[in-house]
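Protein chains: 2
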Amino acid sequence: MARIVQKYGGTSVGDVERIKKVAERIKASRDEGNELVVVVSARAGVTNELIARAKALCAEPSDRELDQLLAIGEQETIALTAMALHGVGVDAVSYTGAQAGIFTDAVHTKAKIKTINAQPLEKDLKAGRVVIVAGFQGINDDGQITTLGRGGSDLTAIALAAAVKADKCEIYTDVDGVYTADPRVVKNARKLNEISYDEMLELASSGSKVMQSRSVEFAKKYGVVFEVRSSFNHNPGTTVKEEVEYMEKVVVRGVAVDKDQAKVIVSNILDKPGSAAKVFRALADANVVVDMIVQNVGRHGIANLTFTVPQTDTGKAQKALVPVLDEVGGGQVAIHEHIAKLSVVGVGMKTHSGVAASLFQALANANINIELISTSEIKISVVIDQDRAEEAARVAHAAFSLDQA
Amino acid sequence: MARIVQKYGGTSVGDVERIKKVAERIKASRDEGNELVVVVSARAGVTNELIARAKALCAEPSDRELDQLLAIGEQETIALTAMALHGVGVDAVSYTGAQAGIFTDAVHTKAKIKTINAQPLEKDLKAGRVVIVAGFQGINDDGQITTLGRGGSDLTAIALAAAVKADKCEIYTDVDGVYTADPRVVKNARKLNEISYDEMLELASSGSKVMQSRSVEFAKKYGVVFEVRSSFNHNPGTTVKEEVEYMEKVVVRGVAVDKDQAKVIVSNILDKPGSAAKVFRALADANVVVDMIVQNVGRHGIANLTFTVPQTDTGKAQKALVPVLDEVGGGQVAIHEHIAKLSVVGVGMKTHSGVAASLFQALANANINIELISTSEIKISVVIDQDRAEEAARVAHAAFSLDQA
Numbered sequence: 191m192a193r194i195v196q197k198y199g200g201t202s203v204g205d206v207e208r209i210k211k212v213a214e215r216i217k218a219s220r221d222e223g224n225e226l227v228v229v230v231s232a233r234a235g236v237t238n239e240l241i242a243r244a245k246a247l248c249a250e251p252s253d254r255e256l257d258q259l260l261a262i263g264e265q266e267t268i269a270l271t272a273m274a275l276h277g278v279g280v281d282a283v284s285y286t287g288a289q290a291g292i293f294t295d296a297v298h299t300k301a302k303i304k305t306i307n308a309q310p311l312e313k314d315l316k317a318g319r320v321v322i323v324a325g326f327q328g329i330n331d332d333g334q335i336t337t338l339g340r341g342g343s344d345l346t347a348i349a350l351a352a353a354v355k356a357d358k359c360e361i362y363t364d365v366d367g368v369y370t371a372d373p374r375v376v377k378n379a380r381k382l383n384e385i386s387y388d389e390m391l392e393l394a395s396s397g398s399k400v401m402q403s404r405s406v407e408f409a410k411k412y413g414v415v416f417e418v419r420s421s422f423n424h425n426p427g428t429t430v431k432e433e434v435e436y437m438e439k440v441v442v443r444g445v446a447v448d449k450d451q452a453k454v455i456v457s458n459i460l461d462k463p464g465s466a467a468k469v470f471r472a473l474a475d476a477n478v479v480v481d482m483i484v485q486n487v488g489r490h491g492i493a494n495l496t497f498t499v500p501q502t503d504t505g506k507a508q509k510a511l512v513p514v515l516d517e518v519g520g521g522q523v524a525i526h527e528h529i530a531k532l533s534v535v536g537v538g539m540k541t542h543s544g545v546a547a548s549l550f551q552a553l554a555n556a557n558i559n560i561e562l563i564s565t566s567e568i569k570i571s572v573v574i575d576q577d578r579a580e581e582a583a584r585v586a587h588a589a590f591s592l593d594q595a
Numbered sequence: 191m192a193r194i195v196q197k198y199g200g201t202s203v204g205d206v207e208r209i210k211k212v213a214e215r216i217k218a219s220r221d222e223g224n225e226l227v228v229v230v231s232a233r234a235g236v237t238n239e240l241i242a243r244a245k246a247l248c249a250e251p252s253d254r255e256l257d258q259l260l261a262i263g264e265q266e267t268i269a270l271t272a273m274a275l276h277g278v279g280v281d282a283v284s285y286t287g288a289q290a291g292i293f294t295d296a297v298h299t300k301a302k303i304k305t306i307n308a309q310p311l312e313k314d315l316k317a318g319r320v321v322i323v324a325g326f327q328g329i330n331d332d333g334q335i336t337t338l339g340r341g342g343s344d345l346t347a348i349a350l351a352a353a354v355k356a357d358k359c360e361i362y363t364d365v366d367g368v369y370t371a372d373p374r375v376v377k378n379a380r381k382l383n384e385i386s387y388d389e390m391l392e393l394a395s396s397g398s399k400v401m402q403s404r405s406v407e408f409a410k411k412y413g414v415v416f417e418v419r420s421s422f423n424h425n426p427g428t429t430v431k432e433e434v435e436y437m438e439k440v441v442v443r444g445v446a447v448d449k450d451q452a453k454v455i456v457s458n459i460l461d462k463p464g465s466a467a468k469v470f471r472a473l474a475d476a477n478v479v480v481d482m483i484v485q486n487v488g489r490h491g492i493a494n495l496t497f498t499v500p501q502t503d504t505g506k507a508q509k510a511l512v513p514v515l516d517e518v519g520g521g522q523v524a525i526h527e528h529i530a531k532l533s534v535v536g537v538g539m540k541t542h543s544g545v546a547a548s549l550f551q552a553l554a555n556a557n558i559n560i561e562l563i564s565t566s567e568i569k570i571s572v573v574i575d576q577d578r579a580e581e582a583a584r585v586a587h588a589a590f591s592l593d594q595a
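In order, the protein sequence lines correspond to chains A and B. At the far end of the first sequence sits residue 595, using the numbering used here, and the numbering has no gaps. At the far end of the second sequence sits residue 595, using the numbering used here, and the numbering has no gaps.
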């Protein structure tokens, strides 16, 4: 008997028939004698429907009321999932975030979990009931409903797994696990049996959409081992866990492509101390997250700063930069949205040299130009022309023989 | 400046456009300087949709999970109504039943309100905010969500009006108020300006669908004066309040027809002490509510018992009666569903005689046969053939000149 936290995403509970399938899967695990806490998201589409209604009534709905509204999505699925379990003879009870004792800070629409009081839930577990918990939501100290923002249901599952000391956490989604590359782009991409937290984090920040970084960070911090797998089949998924020595034998674990970045070039500024600081302070004050940064110093003490920002933030970035240009000796801002970031990730890079050279050579052989380069201990990222992104992913995947286990 | 509780039913908040209209109405009252607590129901149709989904998953959904599910209907409308108010520049904040401190007993799907802790709500009122409260729902001592059953949102409004000592409670619905008869049946039915709690109660139990009895009972108990009016126009509605002397000048306030009753005849039982008790004990044990009762004693110590029960309960009634028949000396059970109950109601009956005679004469003149009669201090009810029900309502309405103020 194990204690397992399972999490089912919005497509897995998308309608009554799918909820029935989820109930069967839960029942099968229950019949094996496991204790189960099940976290469910809102039905796919519900959140967008609710936001559309909200915006029809108020151009900028208040975050507090938005949370009050959006929380009903999961409250529907917890009750329906509990009923589906009753329908197949499994004792089950549903919990809203508040009822499950998920206490958060007061930052509506992107709250952070502070503590979980799992006592009431433990009582039901001990009574042999499957406990169904609403993902994505919590309650603050004032009794206000909060939501956790994007990827919030994964976070709920991982935080609950830590709180109830689960033996295992299973994240059910609409993909089979984590792949060496996006299988829609790279045909011979291979599903990974396991991956380290750090690799998963680098992939998440590099455009892989399997999971949000903060859920992985939370899992890493509390040592929650979790498996990403599909709710539509019974294939084993990918286990995400602390790095172990044998993982380092593999130089590159995977390849990711991010097309949602834009390249910003601030050119012809004075190359003197403090110029770069002023530029990035202005961006930080405007809440623009900057990713790759390169500074070129040209002739006559003139420098160019190049960096990437999320495409959705280019307007904010431009606005923030205009007043700074005078302070740094004039200059221009140019924005290129038609780029892509290609990243290769692997803990083996720590102990293997020549990874960057191999990547650059492979891209050069394919005549793909590199515009920017940045590296971390376990990742190399390059910015390239967006039109060549898929090809570059295939080239990198082949260069490191990722199709072979 | 007055403190007002307003309640808007499901059709009044049926979609985004109607919610906007409700927001305008609230704003108008706010602009007059009133303090407002607004109770809203779920959008019309949502509750049935949710129940359909529940039943697709489980033939008999648990009451606890049903409450967890149904409560989202109002949680949606409170948030949307608050947003709609923000959209027109009115400060507003939404409260679920739990947040509004509406504590109930633990009887899921038909909970009773025990206490209301209006303190948090008072704080927002004092800060000048319109407070939007979810109708129909509460929380029990264990933190479980409960719902109040049919007419629950009216009850929430009236209970809140008592708790916050409101000057006025306005129940907005899709009719203009309480009429002397159903205007769809009696063309010259007249809207009443006011009516006493007792008259309203008798009408509610006689087939008038304007409001459930228990909300009126609650209002009577706590002396909450309320007005029933339409959210689709600005006509004054009907004020329901404690009986005052001048009300007794009107002998008959209104006429109601109930077609949802069935007549049960238990015939040929022994006319000895305890027979009737056994019959009605069996029905009570089966949770069948019995309304009109008549006993005829025939020859040779043989009696017939005739009474009415809700049509939905005839199966239960028959099942409950079978084992009793032997105990009361044999006999048969016959059920007639094709009946209607016609009632005339008025506090003036207490001091005026001849009302029954006038009613019977009017029906006789129209050749409408009376099958059963029952009376209370302020009501006379007769059972007639269902096919003559509308005609009988018009005849009674005319007999007491109810079209004239």
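The beta-carbon is built from N, C-alpha and C at its ideal position, and this holds for glycine as well.
Own chain partners of L275(B) with C-beta closer than 8 Å, once the 5 adjacent residues on each side are dropped: A213, I216, K217, D281, A282, V320, I322
Taking 6 Å as the limit between beta carbons, can you name the residues of its chain near S405(B), skipping five residues before and five after? Apart from the 5 residues on each side of it in sequence, S405(B) sits with its Cβ closer than 6 Å to the Cβ of G341, D344, L345, I348 in its chain, given in chain order.
Would you mind sorting T609(A) into buried or exposed? The rule is 16 or more other CB atoms within 10 Å of its CB. There is no way to answer for residue 609(A), as the model of chain A reaches only from 191 to 595.
Check whether I525(B) and E561(B) have beta carbons under 8 Å apart: no
So the beta strand (DSSP E) G287(A) belongs to, where does it begin and stop? Unbroken run through G287(A): none, as it is neither H nor E.
Taking C-beta pairs closer than 8 Å, name the residues in chain A that S284(B) reaches, listed in chain order. E255, Q258
Listing by chain order, which chain B residues have their CB less than 8 Å from the CB of K210(A)? L247
Report the rounded CA-to-CA distance for V484(A) versus V572(A), giving the unit in angstroms. Using only the alpha carbons, I get a separation of about 12 Å.
Any Cβ of chain A within less than 8 Å of the Cβ of A274(B)? yes
When the Cα atoms are used, what is the spatial distance from L277(B) to K431(B)? Correcting the residue identity first, residue 277(B) is Gly in this sequence and not Leu. Taking the straight line from one Cα to the other gives about 36 Å.
Establish whether the CB of V320(A) and some CB of chain B are separated by less than 8 Å. no
Quick one: residues in its chain with C-beta nearer than 6 Å to the C-beta of I563(B), no 5 flanking neighbours on either side, listed in chain order? Same-chain partners within the cutoff: V572.
Nearest to R578(B) by alpha carbon, out of A466(B), K449(B), S543(B)? K449(B)
Suppose contacts are defined by Cβ-Cβ distances below 8 Å. Is M401(B) in contact with V418(B) by that definition? yes
Using a beta-carbon distance below 8 Å, is P373(B) in contact with chain A? no
Considering only the beta carbon of each residue, do I335(A) and D257(A) sit closer than 8 Å? Their beta carbons are under 8 Å apart, which means I335(A) touches D257(A) by this criterion.
With a Cβ-Cβ cutoff of 8 Å, do F590(A) and V441(A) count as a contact? yes
Identify the contact partners of A244(A) in chain B, using a Cβ-Cβ distance below 8 Å as the criterion. A269, L270, M273
DSSP three-state call for K410(A): helix, strand or coil? helix
Look at the Cβ atom of E264(A), then the Cβ atom of S231(A), and state whether they are nearer than 8 Å. Cβ distance < 8 Å, so E264(A) and S231(A) count as in contact.
Tell me, please, whether the CB atom of S252(A) is closer than 8 Å to any CB atom in chain B? yes
Proximity below 8 Å, CB of L495(A) to CB of I459(A): yes
Kindly list, in the order they appear in chain A, the residues whose Cβ is closer than 8 Å to that of G339(B). Chain A residues near G339(B): none, gap ~17 Å exceeds 8 Å.
Within its chain, find whatever has a CB closer than 7 Å to the CB of T237(B); leave out the 5 residues flanking it on each side and keep chain order. Result list for T237(B): L260, G263, in chain order.
Pop quiz: T429(A) and V415(A) are said to be a contact at Cβ under 8 Å. What is the actual Cβ separation, rounded to whole angstroms? 6 Å
Should V206(B) be flagged as near chain A, meaning a C-beta pair shorter than 8 Å? yes
For a test of the three-state rule: what should DSSP assign to L473(B), helix, strand or coil? L473(B): helix per DSSP, three-state reduction.
Measuring straight from C-alpha to C-alpha, what distance separates T498(A) and G339(B)? 57 Å
What span of residues does the beta strand (DSSP E) with S252(B) cover, start to end? Premise fails: S252(B) is in no beta strand (DSSP E) and is neither H nor E.
List, in order along the chain, the chain B residues whose C-beta lies closer than 7 Å to that of E266(A)? Near E266(A) (Cβ distances below 7 Å), the residues of chain B are L259, I262.
Reference T565(B); option with closest CA among V545(B), N555(B), Q576(B): V545(B)
Could you tell me the distance, in whole angstroms, from the CA atom of L473(B) to the CA atom of K302(B)? 24 Å
Could you work out which residue in A467(B), G488(B), K569(B), Q551(B) is closest to V514(B) when comparing CA atoms only? A467(B)
Does the distance from the CB of I312(A) to the CB of K197(A) come in under 8 Å? The sequence given here has Glu at residue 312(A), not Ile. No, they are not a contact pair.
Let me know if N330(A) comes out buried or exposed under the rule of 16 or more other beta-carbons within 10 Å of its beta-carbon. buried
Using a Cβ cut-off of 8 Å (strictly closer), state whether Q289(A) contacts chain B. yes
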